[in-house]
Amino acid sequence: MFINYSNHPIRTWNEKQRLAAAEYGKAVDMPFPQISASAGEADIDRLAASEFEKIMRLAPDCVLCQGEMSFCYNLINRLKSAGVTVVAACSERACTEKTLSDGSTIKQSVFNFVKFRKYL
Numbered sequence: 055m056f057i058n059y060s061n062h063p064i065r066t067w068n069e070k071q072r073l074a075a076a077e078y079g080k081a082v083d084m085p086f087p088q089i090s091a092s093a094g095e096a097d098i099d100r101l102a103a104s105e106f107e108k109i110m111r112l113a114p115d116c117v118l119c120q121g122e123m124s125f126c127y128n129l130i131n132r133l134k135s136a137g138v139t140v141v142a143a144c145s146e147r148a149c150t151e152k153t154l155s156d157g158s159t160i161k162q163s164v165f166n167f168v169k170f171r172k173y174l
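See below:
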C-alpha cells in the first residue's frame, strides 16, 4: 500500500504520478493535519506520535509525506525507524509571468511530476 499523506489528493495527480505510486501497491489518500504556526515542539511531537500510530495500523509499504516541515521531519524519522519507505514527490517547475495593463503581475507555476525520491 502507498499512502499519500499530503494536501494533494490522488485524484489531482497526473497519470505518471499515479503509476509511480502504484509500483508500491494500492494508492490511498490519508488527510494531512492542519498544523498551527503557534504549535510548540511538544505539540508537534504528540501529533507526530498519534499520526504515526494511525499510519502504521494501515501497514503501508510506502508513504509520501509532504507538508509542514518540522512535523514531517518528526514523522518521517518515526516511519523510517519502523522500516517504512518514505518518499517525496520531485517535480520540475515551469513559471510564466504576465504584466497586466494596470501594472500588476500574474505569476503562474506548473509543477510537472518527475519521480518519487526516497528519504535516506
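Offset between the sequence shown (1-based) and the working numbering: plus 54.
Backbone N, C-alpha and C define an ideal beta-carbon position, used for all residues, glycine too.
Starting from the N-terminal side, write out each stretch of the alpha helix (DSSP H) that is 4 residues or longer and does not extend beyond the region 78-133. 95-111
Same chain, Cβ closer than 7 Å to residue 168, five either side skipped, listed in chain order: 144, 145, 146
What did DSSP end up calling residue 163 once you bin it into helix, strand or coil? strand
What would DSSP say about residue 145, mapped onto helix, strand or coil? strand
Report back the beta-carbon spacing between residue 137 and residue 115 to the nearest angstrom; my notes put them in contact at under 8 Å. With a Cβ gap of about 10 Å, residue 137 and residue 115 do not count as contacting.
Tell me the DSSP bridge mates of residue 173? According to DSSP, residue 173 bridges with nothing at all.
How many angstroms separate the CA atom of residue 99 from the CA atom of residue 157? 46 Å
Report the residue from 165, 140, 142 whose alpha carbon sits nearest the alpha carbon of residue 150. 165
The alpha helix (DSSP H) spanning residue 72 covers which residue range? 69-76
Option in 69, 76, 56, 84 with minimal Cα separation from residue 182: Outside the displayed range of the chain (55 to 174) lies residue 182, so it cannot be described from this structure.
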